[in-house]
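In the numbering used here, the protein residues as written are 970 to 1263. Note that CB positions come from ideal geometry on N, CA and C, so glycine has one too. Data block below; observations after.
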Amino acid sequence: MSNNTPLITKEFLKDKIKSRPIDSNKGTFGNLLAICGSYGMAGAAMMAAMGALRSGIGLMRLAIPESIYPIAAVRLPECVFHPIKTTDKTFAQSNCTELLKLCETASAVVLGCGMGWNFFTSSVTERIVESCAVPMVIDADGLNCVSEHIDILNSAKAPVIITPHPGEMARLTKTTIEEVQSNRIECACNFAKKYNVITVLKGAGTVVASPTGEYRVNTTGNPGMSTGGSGDILAGIVGSLLAQGYSPFDAACLGVFVHGLAGDITAKQQGMISMLPTDTLRNIGKAFFFITDQ
């Protein structure tokens, strides 16, 4: 990374933070629908939802298989739930009509966290990506499903943000992790242009790349965040900002900076070895305070 590399910093973001009007209500700050989770992966859906809630979303809605609804409902009293009847333990093609109907009333959608990767979820993912008319964040198993029919991204009706880690990016680009990591900026920028998506290539120095060629490299985050669940929280944060009306590029840049900074605050409080994604959640508010000098 050269000295001229554009960075995501407090100074870059400070004037982009939206104010919260005194006469606002929950409708002012967006309506986010997360289509996430499967049997055994309730935690992924819950962490995505909590990431969104801690980032200022007005209404958080969670569409999850009914098999995990009792677990999530107890832990997330702030959410509106849409328990989806499934024939198996994951979403299936028979759920597409219901899920797309839910998308119609959302400001933005988060798709894929803990959803599972199989024939059924791949069919659901393709249909939603192709048909959903609101901005979308695709993460985790959503990306794995998309990798089987990658050109579906060019058929999206609304802006798409993808949030792959290097392994998922290698799968999407049909290459190796080593090749992805050898030139992260070029990899993210090329993918963003080819498939017309905001690409958030996670890792040390997360890269946010736009189809226009604009890109920035994040300056926050630490190895203590290398734990299952961190990516789900990031997807929720970015989805929340997208639903609140931030541009896709700004939502991605602000999301990765806040997420990384919350992790840095957590590391200073308790060290990197024992920190958990749920610890990071508690410091998202402090990260926003830092950016706005409150």
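Close-in-space but distant-in-sequence residues of the same chain around residue i (CB under 6 Å, 5 per side omitted)
i: proline 1180; result: Ala1161, Lys1162, Asn1165
i: alanine 1220; result: Val1207, Leu1210, Leu1211
i: lysine 979; result: Ile1260
Strand pairing of residue i, partner residues [DSSP]
i: proline 1052; result: Ile1033
i: tyrosine 1184; result: Ala1178
i: threonine 1168; result: Ile1131, Ala1178
Cβ shell of residue i (< 7 Å), same chain only, five flanking positions each side left out
i: histidine 1118; result: Glu1095
i: threonine 1090; result: Thr1059, Phe1060, Met1084, Asp1110, Cys1114
i: glycine 1254; result: Arg1023
i: phenylalanine 998; result: Gly1025, Ile1026, Gly1027, Gln1213
i: methionine 1018; result: Inspection of the sequence shows that residue 1018 is occupied by alanine rather than by methionine. Once the five neighbours on either side are set aside, the close Cβ partners of alanine 1018 are Ala1003, Met1029, Leu1031, Leu1045, Cys1048, Gly1205.
Identity of the residue in the options nearest residue i by Cα
i: proline 1246; options: Gln1062, Phe1259, Asn1191, Phe1257; result: Asn1191
i: leucine 1071; options: His1051, Phe1060, Cys1082; result: His1051
i: leucine 1203; options: Ile991, Ala1231, Gln1239; result: Ala1231
i: leucine 982; options: Thr1189, Gly1081, Phe998, Gly996; result: Thr1189
i: alanine 1178; options: Ser1195, Glu1099, Cys1222; result: Cys1222
i: serine 1243; options: Ser1195, Gly1200, Gly1229; result: Ser1195
i: proline 1039; options: Val1093, Ala1014, Gln1062; result: Ala1014
i: alanine 1125; options: Ser1116, Met1105, Thr1144; result: Met1105
Nonlocal neighbours in the same chain, by C-beta distance under 8 Å from residue i, ignoring five residues either side
i: proline 1034; result: Gly1006, Ser1007, Tyr1008, Pro1052, Ile1053, Thr1055, Lys1058, Thr1059, Phe1060
i: serine 988; result: none
i: glycine 1172; result: His1134, Pro1135, Gln1150, Arg1153
i: leucine 1250; result: Met1016, Met1019, Gly1020, Arg1023, Ile1202, Ala1231
i: isoleucine 986; result: Leu1223, Phe1257, Ile1260, Thr1261
Coarse secondary structure for residue i, derived from DSSP in three states
i: valine 1129; result: strand
i: isoleucine 1026; result: coil
i: asparagine 1000; result: strand
i: leucine 1069; result: helix
i: alanine 1041; result: helix
i: isoleucine 991; result: coil
i: methionine 1241; result: coil
i: valine 1106; result: strand
i: alanine 1077; result: strand
i: isoleucine 1119; result: helix
i: isoleucine 977; result: strand
i: cysteine 1158; result: helix
i: glutamate 1047; result: coil
i: glutamine 1062; result: helix
Nearest-angstrom Cβ-Cβ length linking residue i and residue j, presumed shorter than 8 Å
i: serine 1209; j: leucine 1001; result: 6 Å
i: valine 1129; j: isoleucine 1107; result: 6 Å
i: threonine 1142; j: alanine 1157; result: Incorrect: roughly 10 Å between the Cβ atoms, too far for contact.
i: alanine 1236; j: glycine 1193; result: 5 Å
i: alanine 1021; j: methionine 1029; result: 5 Å
i: valine 1227; j: isoleucine 977; result: Not confirmed; about 10 Å, so no contact.
i: valine 1103; j: valine 1078; result: 6 Å
i: glycine 1012; j: glycine 1198; result: 6 Å
Cβ-heavy atom distance, residue i to the ligand COA, below 8 Å
i: asparagine 1152; result: The ligand COA is absent from the structure shown, which contains no ligands of any kind.
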